[in-house]
Amino acid sequence: MGENIGEVSIVERFQALILVSDTLKFYLEGFAGHAATVLEGSAEVLCAVTLKRDHHVATVASSSLEATALDEIQYGYGEGPSLHAIDTGNTAVVADIRTDMRWPDYFDAVKAQGYYSVLGVPLIRGHDGGVTVNLYAREPHVFTPRTIERIESYTAEAALTLQLALRSSDHERTAAHLRAAMESRTNIDIAVGIIVAQNRCNPTEAIRILQRASNGQNIKLRTLAEQLVTSVGTTRAETHFIP
Numbered sequence: 119m120g121e122n123i124g125e126v127s128i129v130e131r132f133q134a135l136i137l138v139s140d141t142l143k144f145y146l147e148g149f150a151g152h153a154a155t156v157l158e159g160s161a162e163v164l165c166a167v168t169l170k171r172d173h174h175v176a177t178v179a180s181s182s183l184e185a186t187a188l189d190e191i192q193y194g195y196g197e198g199p200s201l202h203a204i205d206t207g208n209t210a211v212v213a214d215i216r217t218d219m220r221w222p223d224y225f226d227a228v229k230a231q232g233y234y235s236v237l238g239v240p241l242i243r244g245h246d247g248g249v250t251v252n253l254y255a256r257e258p259h260v261f262t263p264r265t266i267e268r269i270e271s272y273t274a275e276a277a278l279t280l281q282l283a284l285r286s287s288d289h290e291r292t293a294a295h296l297r298a299a300m301e302s303r304t305n306i307d308i309a310v311g312i313i314v315a316q317n318r319c320n321p322t323e324a325i326r327i328l329q330r331a332s333n334g335q336n337i338k339l340r341t342l343a344e345q346l347v348t349s350v351g352t353t354r355a356e357t358h359f360i361p
């Protein structure tokens, strides 16, 4: 479940987006809250969203503080269904922790909290970690094949939304870089014009003069150009974009 981007650090990008986007945080909290209602009427379910990157894990959203606390138990032992789901890319189902033998120490700690069913579903995968959706229920055998299919389908839709959010963020970043590059180009062009007028030379010679000054003063060409434009004019040169 989720997309494995291979060498592209999608988990790093996802983490960075969470840190700066209140909208994404709100979306994840809403997602966790809604996921917890999947079995509404038949069993109470708690939901949390785990992010793992470079061996560090954290809960980035949850349906309740108790869900976050249950996630923290897993981090403390360094094992459990959500971490297994991140590492393998496969949904991890714990029908009854009293009979499942995979992570006995972790199971003992969760059982002490009164929970017997756990589900970990991969949301996003990358070479440096991943994101999972974790569900907890007090009754055993809560996550049936049909229920798991519903949750995986819902998680796949959420993964698509998050992929679109990442792409939108990438486009905005690219546009900002392009704008900065064009503004730098504008200053350089104006600076070349100033040098042509002052030295009565052609544009090619003006560019060479600007490059020699940049190298001699150990200043980036665009910075030197901006300084020259500012020293001659009263305001900083601006690039105007037509919407």
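For reference, each letter of the sequence shown is one residue, going 119 to 361 in our numbering.
For each residue, glycine too, the CB sits at the ideal point set by N, CA and C.
By the neighbour-count criterion, in which 16 or more other beta carbons inside 10 Å mark a residue as buried, Q316 falls on the exposed side. Collapsing the DSSP output to three states places Y233 in coil. Counted as a single uninterrupted DSSP element, the stretch harbouring A331 is not any beta strand (DSSP E) but the alpha helix (DSSP H) occupying residues 321-335. Selection S182, S181, C165, T186 evaluated against V175 yields T186 as nearest (Cα-Cα). Taken atom to atom, the span from the alpha-carbon of L237 to that of K143 is near 22 Å. Across the structure, A230 and I242 are spaced so that their CA atoms are roughly 30 Å apart. Rounded to whole angstroms, the Cβ separation of S235 and P258 is 6 Å, and the two are in contact under 8 Å. When secondary structure is reduced to three states using DSSP, R340 falls in the helix class. The beta carbon of Q329 lies closer than 7 Å to those of L339 in the same chain, with the five residues before and after it left out. Unbroken beta strand (DSSP E) stretches of 3 residues or longer found wholly inside the stretch 207-260: 210-212, 235-244, 247-255, given in chain order. Where A185 is concerned, the enclosing alpha helix (DSSP H) starts and stops at 183-195. Q192 is not a Cβ neighbour of L183, given a cutoff of 8 Å. If you look at R171, you'll find it in the beta strand (DSSP E) that goes 163-171. Taken through DSSP and simplified to helix, strand or coil, T273 comes out as helix. Of the candidates G247, A309, N336, I266, the residue whose Cα lies closest to the Cα of T168 is G247. Excluding five sequence positions before and after D189, the CB atoms of its chain that fall closer than 8 Å to its own CB belong to A166, T168, T177, S180, S200, N252, given in chain order. Between R256 and Y233, the gap from beta carbon to beta carbon is short of 8 Å. A343 and G207 have their C-alpha atoms spaced approximately 51 Å apart. Only residues of its own chain outside the window of five on either side were considered, and among them D223, Y224 have a CB closer than 6 Å to the CB of Y195, listed in chain order.
Distances from the CA of V260 to each of E147, R318, T273, V163 were compared; the closest alpha carbon is that of V163. The C-beta of G244 has 16 or more other C-beta atoms within 10 Å across all chains shown, which makes the residue buried. Per DSSP, S180 is one residue of the beta strand (DSSP E) stretching across 174-180. In this structure, T265 sits near L157, with a CB-CB distance shorter than 8 Å.
Restricting attention to N336, V310, T341, G198, the CA atom closest to the CA of I327 is found in V310. DSSP, read as helix, strand or coil, puts L157 in coil.
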